[in-house]
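Heads up, the thing below is written out as structure tokens.
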Amino acid sequence: MSGAYSLWRYISRRSKITEFSIVWAGSMASTIGSRTFGVAYPLLALAQTGSPAAAGLAGFALAVPMLVFYIPGGLLVDRVSARTIMLVTESGRWLTVVAVLLSMPGGGPSLPWLMVAAAFEGTLWVLYTLAETALLPSLVRPTMMWRAMAKSESVGHLASLVGRPLSGYLFGAGRYIPFALNAVLFVVSWLFFFALRRVPERPDAEPPLLRDLSAGFRALMDQPFLRGSILVTTFTNLMVNALIMIFVAGSAGMPSLAIGLVLAASGVGGMLGSVVAFFREPPREVLMIHGWTWVVALALAAVGAGVHAGPPFFAMAFFATGFAGAFSNVAIRSAEAENIDRRTLARVVGVSRLASHGALCLASPLGGLLVTGLGVTGGAIVLSVTMATAMALAHPGAKVRAVLLPRLPETRIDGEEPVQEELSLRGDKPPRRFGHVMR
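The sequence shown begins at 1392 in the working numbering and counts up by one.
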């Protein structure tokens, strides 16, 4: 291993590969694997049992760790080396997928075993994403933080565009093929993360566990923009994912390709939003732009449903929310990296993601209830009116505006020389100032 690592370091120095690029490439491989699992596990459960309910249980097992482990996972990541966690999670995910593959010749895994494997994969994915979030700020100069976060944000959208349709296609060719592909992807990502030989050291002294657990909440309460961003993104996630359920429920009779293209519009918008965010730093009013984009998008969907020309209008709505969501995510992630002490960063992110994923869990039943009671058109109109009302209440001059739509804080670096990316991993430099928090 040491010889392979020395060769990799020599190649990276000669080709000027940065540590951030290594993480980005490893993250791409890992995230494509995760997105394919989101399709492969339910399809395998359906193929094994013939029951749509079993497919739903497999999908639930894959998602439920996101509701359970973000808070304790943030505590663990803030106490253990991020690189160590990334290597362990990729190893665990590889072992899980290999175990599923080995069961294929004997008829495939039983439903209980498949649910355990899916839940384990979901848990490791939570830990991996938190570890990556904690590591990224140490790999780039403060002045380039928003561009780094834009590149990182593009990973999820590109992986969704590639991984989900690819998984369905490969499963049709052979149910073992998506899992074999993931086994390869996890080896690739592990090798990339293994190349991160040096990472910032963790604090020697740890505070008591209960106090440590609440540190993420306390740090979040000290940041008005991040508090507001959780409220805004949780609410808008609920709105757009309920809209997705309304569209799917009303898509009976549509060709599957047309349904897929409409839903893919969100990923296309997210990719474009990430690209724009890379070249243009998000404005300070990014949350207000985010909210009003949802107003326009939901209005488009309501109009399309009302005139019975839904698919193009829904596609435009999903594209707009994907674009604005990616753009605002870059601003939020940059603010987290610049203004939160790295010793509590994973816990703060854990709180934020718990809220957003909680909204995803509520969105499906909400969309289903709206369609059942009001139909596709009525449900889309209710969502549109609700979003417009919420933004109208946060009009300029309203007291609630400062709580719900705070401005993005200015990044201020006080007379400091840029730090090279390669050196920023080694822990042998004096503390730097990101925003206003000492590291």
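A virtual CB, placed ideally from N, CA and C, is assigned to each residue, including glycine. As the structure is a computational prediction, the values presented were derived from the model and not from experiment.
At a cut of 8 Å, does the segment 1652 to 1666 reach the segment 1536 to 1551 through at least three beta carbon pairs?
-> yes
With respect to the alpha helix (DSSP H) encompassing His-1681, which residues constitute its N-terminal and C-terminal limits?
-> 1677 to 1697
When the Cα of Met-1707 is compared with those of Ala-1690, Met-1506 and Asn-1730, which residue comes out closest?
-> Ala-1690
Assess, as a yes-or-no matter, whether the segment 1578 to 1587 is touched by the segment 1463 to 1480 under the definition of 3 or more beta carbon pairs within less than 8 Å.
-> yes
Can you list, in chain order, the stretches of the alpha helix (DSSP H) that have 4 or more residues and sit fully within the segment 1481 to 1539?
-> 1502 to 1526
Closer than 6 Å: is that where the CB of Leu-1611 sits relative to any heavy atom of the ligand GTP?
-> No copy of the ligand GTP occurs in the structure displayed, which carries no ligand at all.
Determine the burial state of Arg-1426: buried for a count of at least 16 other Cβ atoms within 10 Å of its Cβ, exposed for fewer.
-> buried
Looking at the unbroken alpha helix (DSSP H) that takes in Thr-1624, where does it start and where does it end?
-> 1615 to 1640
Cβ-based burial, Leu-1398 [other Cβ within 10 Å; buried from 16] | At Leu-1398, the pLDDT of 49 sits below 50, so the modelled position is not reliable; the number obtained from the coordinates is stated separately. So Leu-1398 counts as exposed.
Specify, as a first and last residue, the run of the alpha helix (DSSP H) that Pro-1646 falls within.
-> Premise fails: Pro-1646 is in no alpha helix (DSSP H) and is neither H nor E.
Helix, strand or coil at Thr-1763 according to DSSP, with G and I counted as helix | helix
Going by the CB atoms, is the gap between Val-1721 and Pro-1831 shorter than 7 Å?
-> Outside the shown range of the chain, which is 1392 to 1830, sits residue 1831, and nothing can be said about it.
Pairwise C-alpha distance: Gly-1641 and Ala-1574 | 37 Å
Would you please state the rounded distance, in angstroms, between the beta carbons of Gly-1695 and Phe-1710? I believe it to be under 8 Å.
-> Between Phe-1710 and Gly-1695 the Cβ distance is about 13 Å, and since that is not below 8 Å, they are no contact.
Which term fits Glu-1410, buried or exposed, when burial requires 16 or more other beta carbons within 10 angstroms of its beta carbon?
-> buried
Contacts around Glu-1481, its chain only, beta-carbon distance under 6 Å, and the 5 residues preceding and following it disregarded | Phe-1577, Ser-1580 and Trp-1581
Under the three-state DSSP convention, the category Gly-1441 falls into | coil
Contact between the segment 1520 to 1527 and the segment 1448 to 1468: three or more CB pairs below 8 Å?
-> yes
Classify Arg-1566 as helix, strand or coil using the three-state DSSP reduction.
-> coil
Cα separation between Met-1535 and Arg-1798?
-> 20 Å
Between the segment 1446 to 1457 and the segment 1620 to 1639, do three or more beta carbon pairs fall short of 8 Å?
-> no
Residue span of the alpha helix (DSSP H) that contains Leu-1799, given as start and end = Run containing Leu-1799: none; DSSP gives neither H nor E here.
Integer Cβ distance of Thr-1684 from Ala-1715, believed to fall under 8 Å | 4 Å
Would you mind working out which of Thr-1625, Thr-1627, Leu-1611 and Leu-1760 sits nearest Met-1636, comparing C-alpha positions?
-> Leu-1760
Measuring CA to CA, which of Gly-1658, Ala-1649, Leu-1654 and Ser-1719 is closest to Arg-1671?
-> Ser-1719
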